[in-house]
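Chains as they are written, first to last, in this note's numbering: chain A, 175 to 676; chain B, 70 to 174.
See below:
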């Protein structure tokens, strides 16, 4: 066989692929590796020709065989890697402050993705979807000694409607779990003027206003998501019949995307039933629009005086709370600010009162300027992660309005945030105490020293060293009165050789 | 690779065909039906583990036939022992018959 034939056409392509794949192979083995692959493909091509498989199929087959060189090349590349060195390098990177911040950032990213881009948080930060939302408030009734608030009875709401001057409009609502179009969901019963009070608009259809008897008893309003899920869009849902809690309704309107009240999970809104409207003792949620010159405090005083004047027996010992919706929704930001404030107070107290928050070395003058900003960034990110997780993953958290949609969720989310904040802060401080006072790397090379049973005349504990050789931290096994809780020993330059050698 | 190593089915199959007389990668591919991206790395692993040994064909012989020299593989003693164990584990390997004429040129 002449050499011109040997290297022509498909073999040239094969050799090119092998040459590319050989870049993966360590230089020392490359020549031999290429020789083997080139020889194999030469023989492969000859085999195909001898079999009479010349043509496109044979070329394709040869190309397929040649592509295996990449897998073989990768095998050589991975074999050449020094796994110990890589592992060591990975450990060193894990100790850096950048890695710590990146890890918390990754957790934040996971929360953002899992919650579908923070819908609840966006509703806290963005303006509420109501007309003149600053004047929309909810009313709750509570006792002097009763912390849990509930909706007022309908009898009082009627009284307020006729006598109040600080409140322009009233609407009532109740909510329950029910079957919506055969699937479980949340349904709200709202009074006639509910939507007009909020100034709600529609994505399709028309809402009842309650004025001049404009209420449709068998009409339902769907949320945008519910309409999109069941009918593929807002317009397609209009006029369709749907069973809600066993009753047949006609879909009169679809609310715009992003509209929510009480909870984003409410899928259907229907008019209050006559039975609900006529029961004076029924407790309902009450949403109001305050008069332009009225403050919540003024409204509370007036509403309480109205019920005391007309229903003194029931009103005795009661409190009426008027909570502006916007303020209540944004109270979550206050929680975050409180968490940060708490962290700041603890840190400042630690530094000024020489409490060993960051270990003994940190309170001495001359500690690394990066310690503070790193601690601040780490703590803020950790608390932010706790806050976002609490907001997004607690079904109806404390940002929902008076009464909430689930009585259990408000305390749960509050406790979750409190416990989470404490956990985040504790971890942040603990992590900080285990970092080098100079380069802010996490300390490593833990070694147990001393004898655990000889605490009286001896000391025992764990020693950690900065891998860069800046110092050593001694953490005693048991903190006793005569022993410094943690000792940071700075290592001078004479130690550097040891760490460079490592 | 120690004696008590458990071979994968692929590795055992490759050892079996080498034992049956397949000596180079293309031949092994032809007789096992495995792709080149599996066969060659597996041969490297087996060689690294001391189960097979590779030798280059003498240049003179290859030159006489006007073709490039190729690398041949053969089982080592450890490879034979490992194959014997693997055959007990993978019973179907025993019944494997190899048509040596298929890979021949």
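Even for Gly, the Cβ is constructed at its ideal location relative to N, Cα and C.
Check: Nearest chain B C-beta to residue 235 of chain A closer than 8 Å, yes or no?; Outcome: no
Check: Measure the beta-carbon distance from residue 363 of chain A to residue 312 of chain A and round it to whole angstroms, keeping in mind my assumption that it falls under 8 Å.; Outcome: Actually they do not touch by this definition, with Cβ atoms about 16 Å apart.
Check: Buried or exposed: where does residue 635 of chain A fall if 16 or more other Cβ atoms within 10 Å of its Cβ makes it buried?; Outcome: buried
Check: Please name the residue in A:559, A:234, A:231, A:186 whose C-alpha comes closest to that of residue 213 of chain A.; Outcome: A:186
Check: Distance check for residue 646 of chain A and residue 128 of chain A, CA to CA, integer angstroms please.; Outcome: As displayed, chain A neither begins before 175 nor continues past 676, which places residue 128 of chain A out of reach and without an answer.
Check: By Cβ distance, which residues of its chain are closer than 6 Å to residue 594 of chain A, with the 5 residues on each side in sequence left out?; Outcome: 560
Check: In angstroms with no decimal places, state the Cα-to-Cα distance between residue 598 of chain A and residue 289 of chain A.; Outcome: 20 Å
Check: Looking at the structure shown, is residue 140 of chain B part of a helix, part of a strand, or coil, going by DSSP?; Outcome: strand
Check: I'd like to know whether the C-beta atoms of residue 474 of chain A and residue 496 of chain A end up nearer to each other than 8 Å.; Outcome: yes
Check: Specify whether the segment 153-160 of chain B and the segment 105-117 of chain B touch according to this definition: at least 3 beta carbon pairs, one from each stretch, less than 8 Å apart.; Outcome: no
Check: Identify each residue in the segment 104-135 of chain B for which the Cβ-Cβ distance to at least one residue of chain A is less than 7 Å, and report them in chain order.; Outcome: 104, 105, 106, 109, 110, 113, 135
Check: Go ahead and pull the three-state DSSP assignment for residue 435 of chain A.; Outcome: strand
Check: Can you tell me whether residue 258 of chain A is buried or exposed, with buried defined as 16 or more other CB within 10 angstroms of its CB?; Outcome: exposed
Check: Helix, strand or coil for residue 391 of chain A per DSSP?; Outcome: coil
Check: Quick one: grab the DSSP three-state call for residue 295 of chain A.; Outcome: helix
Check: Output yes if chain E places a C-beta closer than 8 Å to the C-beta of residue 154 of chain B; else output no.; Outcome: Note that chain E does not occur in the displayed structure, where the protein chains are A and B.
Check: Starting from residue 359 of chain A, follow the beta strand (DSSP E) in both directions and report where the run begins and ends.; Outcome: 357-364
Check: Per DSSP, what kind of secondary structure is residue 555 of chain A in: helix, strand or coil?; Outcome: helix
Check: Once DSSP output is grouped into helix, strand and coil, what is the label at residue 492 of chain A?; Outcome: strand
Check: Just checking my contact of residue 423 of chain A with residue 394 of chain A at CB under 8 Å: how many whole Å lie between their CB atoms?; Outcome: 4 Å
Check: So, is the C-beta of residue 93 of chain B closer than 8 Å to a C-beta in chain A?; Outcome: yes
Check: Between residue 209 of chain A and residue 247 of chain A, how many whole angstroms is the CB-CB distance? I'm expecting something under 8 Å.; Outcome: Not a contact, Cβ separation roughly 14 Å.
Check: Bridge partners of residue 415 of chain A, per DSSP?; Outcome: A:424
Check: So residue 140 of chain B contacts chain A; which residues on that side make the cut at Cβ distance below 9 Å?; Outcome: 206, 209, 210, 213, 214
Check: Can you give the beta carbon distance from residue 108 of chain B to residue 90 of chain B, rounded, assuming they're within the 8 Å contact cut?; Outcome: Actually they are not in contact, since the Cβ atoms of residue 108 of chain B and residue 90 of chain B sit about 16 Å apart, beyond 8 Å.
Check: What do you get for residue 539 of chain A, buried or exposed, if any count of 16 or more other CB atoms within 10 angstroms of its CB means buried?; Outcome: Note on residue 539 of chain A: pLDDT 42, under 50, position unreliable in the model; the coordinate value appears next. Exposed.
Check: So what does DSSP say about residue 342 of chain A, is it helix, strand or coil?; Outcome: strand
Check: Is the CB-CB distance between residue 441 of chain A and residue 428 of chain A below 8 Å?; Outcome: no
Check: Is the CB of residue 195 of chain A under 8 Å away from at least one CB in chain B?; Outcome: no
Check: Since residue 412 of chain A and residue 361 of chain A should fall inside the 8 Å C-beta cutoff, what is the C-beta to C-beta distance between them, to a whole number of angstroms?; Outcome: That pair is no contact at about 19 Å.
Check: From residue 570 of chain A to residue 437 of chain A, what distance separates their C-alpha atoms?; Outcome: A caution first: residue 570 of chain A carries a pLDDT of 48, below 50, which makes its placement in the model unreliable, though a value can still be read off. So the two alpha carbons sit approximately 6 Å from each other.
Check: For the candidate residues A:226, A:235, A:198, whose alpha-carbon lies nearest to that of residue 188 of chain A?; Outcome: A:235
Check: So is residue 218 of chain A in contact with chain B if we call contact Cβ pairs under 8 Å?; Outcome: yes
Check: What distance in whole Å lies between the Cβ atoms of residue 245 of chain A and residue 106 of chain B, which are believed to be in contact at a cut-off of 8 Å?; Outcome: 3 Å
Check: Look at the alpha carbon of residue 148 of chain B and the alpha carbon of residue 104 of chain B, and state the distance between them as a whole number of angstroms.; Outcome: 22 Å
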